[in-house]
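A quick write-up on the structure given underneath.
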Amino acid sequence: ARSAVSSTVMAISTSATLPTPLNADVVAFCPESGLHHVLACGCYELDNTQQPARRHGRLALAFVDRAGRQLVETSAVEGIGVLDCSWLQTSRLLLSAATAACDTRIYQVHKGADGTATLAEEACATMPCADAGDACMALDWSADASRVAVTSTAGRVYLGESG
C-alpha cells in the first residue's frame with residue numbers, strides 16, 4: 001500500500017522592509033536568546049571606476065519593532081563588501097563576515113538594555129585567505145565554534161580554527 005504524501009505550502013507575506021544604500025546580499029537573524037528580533041544585513045556594490053574593480057559595502061544590524069511592522073537599523077560598519085555573514089555564540093556574541101577583500105572578519109556585538117544590538121567598530125579577529133584579488137563568498141561555523149569553513153571565488157574552501 002502506498003502512503004499519500006501531503007505537501008503544505010506556507011504562505012509568507014511582507015510585513016516590513018529596510019531600505020539599504022547598497023545591494024543587500026545576505027541577512028541572518030540572531031540566534032541569541034532575547035535577541036531573536038535582531039538581524040544582520042551584509043551589503044556590497046561593485047565599483048567599476050577602480051581597476052581592478054572593487055566591492056565596497058557594509059555590515060549592519062537592525063531589529064524588528066514590537067509590532068513587527070518596521071525594521072530599524074541600529075549600527076553599521078562601512079568598508080569592504082560583505083557577501084555572507086554568520087552568527088557565532090561563544091562566551092561573547094560575535095558576528096562573522098565573508099568579505100570581498102578575501103578575508104573573514106569577526107565583530108563583537110554589544111547588547112543594549114533596550115533589546116537592541118550594536119556592532120563594534122573594528123573587527124576583533126580576521127582570517128585572511130591566500131587568493132589575492134578574489135573574494136570570500138560564504139562561511140559557516142562548526143557547532144562547537146572551533147572551526148570556520150570559508151569559500152572563495154578562486155574555487156577553494158578554507159578551514160580555519162579558532163583558538
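In terms of full-length UniProt numbering, the sequence shown opens at residue 1 and continues consecutively. By construction, the Cβ of each residue, glycine as well, lies at the ideal position given by its N, Cα and C atoms.
Taking DSSP's pairing of strands, which residues face residue i in a bridge?
i: S96; result: S86 and I106
i: M10; result: DSSP lists no partner for M10.
i: S75; result: L61
i: P19; result: DSSP lists no partner for P19.
i: residue 172; result: In the structure as shown, the chain starts at 1 and stops at 163, and residue 172 therefore has no counterpart that could be examined.
i: A125; result: I106
For residue i and residue j, what's the separation of their Cα atoms in angstroms?
i: L35; j: A62; result: 11 Å
i: L39; j: T49; result: 32 Å
i: S86; j: A28; result: 7 Å
i: Q70; j: S7; result: 32 Å
i: T99; j: V72; result: 24 Å
i: E122; j: A130; result: 22 Å
i: C102; j: T20; result: 23 Å
i: A149; j: S13; result: 33 Å
How would you call residue i, buried or exposed, if buried means at least 16 neighbouring beta carbons within 10 angstroms?
i: V109; result: buried
i: M127; result: buried
i: V9; result: exposed
i: A113; result: exposed
i: residue 165; result: The structure shown does not extend to residue 165, since the chain spans only 1 to 163, so no value can be given for it.
i: I136; result: According to the sequence shown, residue 136 is Cys rather than Ile. Buried: at least 16 other Cβ atoms inside 10 Å.
i: S152; result: buried
i: I80; result: buried
On the premise that residue j lies in contact with residue i, defined as a C-beta separation below 8 Å, what is that separation, rounded to the nearest angstrom?
i: L159; j: R147; result: 6 Å
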